[in-house]
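Okay, so here's the structure we're looking at.
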Amino acid sequence: MAHNIAILGASGYTGAELVRLIATHPNMRITAMGANSKAGQAMADVFPHLRHLDLPVLQKIEEIDFSGVDLCFCALPHATSQEVIRDLPKTLKIVDLSADFRLRDPAEYKRWYGNGHAALECQAEAVYGLTEFYRDEIRAARLVAGTGCNAATGQYALRPLIAEGVIDLDDIILDLKCAVSGAGRSLKENLLHAELSEGYHAYSVGGVHRHLGEFDQEFSAIAGRPVKVQFTPHLIPANRGILATVYVKGDAARIHEVLARAYADEPFLQVLPFGQHPSTRHIRGSNFCHLGVVADRREGRAIVIAALDNLTKGSSGQALQNANLMLGEDETTGLMLAPCFP
Numbered sequence: 001m002a003h004n005i006a007i008l009g010a011s012g013y014t015g016a017e018l019v020r021l022i023a024t025h026p027n028m029r030i031t032a033m034g035a036n037s038k039a040g041q042a043m044a045d046v047f048p049h050l051r052h053l054d055l056p057v058l059q060k061i062e063e064i065d066f067s068g069v070d071l072c073f074c075a076l077p078h079a080t081s082q083e084v085i086r087d088l089p090k091t092l093k094i095v096d097l098s099a100d101f102r103l104r105d106p107a108e109y110k111r112w113y114g115n116g117h118a119a120l121e122c123q124a125e126a127v128y129g130l131t132e133f134y135r136d137e138i139r140a141a142r143l144v145a146g147t148g149c150n151a152a153t154g155q156y157a158l159r160p161l162i163a164e165g166v167i168d169l170d171d172i173i174l175d176l177k178c179a180v181s182g183a184g185r186s187l188k189e190n191l192l193h194a195e196l197s198e199g200y201h202a203y204s205v206g207g208v209h210r211h212l213g214e215f216d217q218e219f220s221a222i223a224g225r226p227v228k229v230q231f232t233p234h235l236i237p238a239n240r241g242i243l244a245t246v247y248v249k250g251d252a253a254r255i256h257e258v259l260a261r262a263y264a265d266e267p268f269l270q271v272l273p274f275g276q277h278p279s280t281r282h283i284r285g286s287n288f289c290h291l292g293v294v295a296d297r298r299e300g301r302a303i304v305i306a307a308l309d310n311l312t313k314g315s316s317g318q319a320l321q322n323a324n325l326m327l328g329e330d331e332t333t334g335l336m337l338a339p340c341f342p
């Protein structure tokens, strides 16, 4: 049976990525697409690489009829998303790709995002969307909150290690490089080619990046006590991809064993042989995450490296993975496409 799908925020990068992935899904049909700034336009005019698809015309969100829609992807900006979702039909299944429902504590949301939450009743029912760790909750959920792409990458590298107690929880350093599409499609001076190319730079230095709210929430819940990682993100002159290099105290061979066992049956999480490490070029355009563990030259220290595509496994691919669970589909449907190389 085909499921009718709506995409709100279809003119952004994650919206276009959803369309690309759903186009290969045998049981999903896109019946409505919202993009207020480009309402009335064809998707082929906004994203010419999708011109081969038969898609509905973009329209204003308030004009969409949700009566026949089974599930809605909301790929809108932070703060906007909560206000839109608050007014959607209460029976509609929703996967949100913004940050608006990721943090369970409203006070923490205000702390990290600077404004009070406008849809507290929805926030209370939202399930955190890191698929591999919240499957049962996601299957039963009406509203799923997609993770941050940086947050997902760091969690894949660290969650099993924290749960198994094989690393020092007070000495975790997360150094992360993220491609420019992670900043969205809107025009920004620092993202101009002349400003960004031929170099890369750190940003949100010193513990102010918003995804730290997710790290604090999730890692502390696993450990049963506060866990605060050192985290510095860097913007690199690439279109897609995240590479997280995590420095930890612990036995490298044991760390590799824990990760390999934790992800042995996961279709999208691939742990490389001990001593090998991944590259963003090997996961580009796919829903896979590659992880590697290398022993540091100093005894008792290890380096864990994780790579994923920020638009796919870090956002839209994760969203489709969760939607499959919510709709009773096989989790991998529409997502087994191989990475693009070179």
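Numbering-wise (full-length UniProt numbering), the sequence shown opens with residue 1 and increments by one. A virtual CB, placed ideally from N, CA and C, is assigned to each residue, including glycine. Here the structure is a predicted model, which is why all the values come from computation and not from measurement.
Would you identify the three-state DSSP class for residue i, choosing helix, strand or coil?
i    : result
V302 : Looking at the sequence shown, residue 302 is not Val but Ala. Looking at A302 - three-state DSSP - the assignment turns out to be strand.
T31  : strand
I64  : coil
A6   : strand
T312 : helix
Y113 : helix
T147 : coil
V95  : strand
V271 : strand
A39  : coil
A107 : helix
Y156 : helix
A119 : coil
F47  : coil
F73  : strand
V294 : strand
I167 : coil
G15  : helix
M1   : coil
V84  : helix
H52  : coil
Can you tell me which residues form a DSSP beta bridge with residue i?
i    : result
Y247 : I173 and I303
Y263 : None, per the DSSP bridge assignment.
I236 : A179
C289 : L269 and L308
I242 : C178 and L308
V127 : V144
C340 : None; C340 has no bridge partner.
F231 : L174
H201 : L235
Q59  : G34
Does residue i pass the burial test, meaning 16 or more other C-beta atoms within 10 Å, or should it be called exposed?
i    : result
I242 : buried
G114 : exposed
V227 : buried
T131 : buried
L272 : buried
Q135 : In the sequence on display, residue 135 carries Arg and not Gln. It counts as exposed.
D100 : buried
A323 : buried
K188 : exposed
T24  : exposed
T332 : exposed
M1   : exposed
G146 : buried
C340 : exposed
R29  : exposed
E137 : exposed
L192 : exposed
G9   : buried
Report all residues from its chain with a CB closer than 8 Å to the CB of residue i; omit the five preceding and five following residues, and keep chain order.
i    : result
A338 : S286
P106 : G116, H117, L120 and Q123
Output needed for residue i: all residues of its chain with C-beta closer than 6 Å, excluding positions within five of it in sequence on either side, in chain order.
i    : result
P26  : none
E108 : G213
Y156 : C289 and A306
R51  : A44
Does residue i get closer than 8 Å to chain B when you measure Cβ to Cβ?
i    : result
I162 : Although the question refers to chain B, the structure presented lacks it and comprises just one protein chain.
Please check the pair residue i and residue j, which I expect to be a contact at CB under 8 Å, by giving their CB distance rounded to whole angstroms.
i    : j    : result
V293 : L269 : So it is not a contact: roughly 13 Å between Cβ atoms.
A319 : F73  : 6 Å
Within its chain, find whatever has a CB closer than 7 Å to the CB of residue i; leave out the 5 residues flanking it on each side and keep chain order.
i    : result
P160 : V258, L259 and A262
L174 : G154, V229, Q230, F231, A244 and V246
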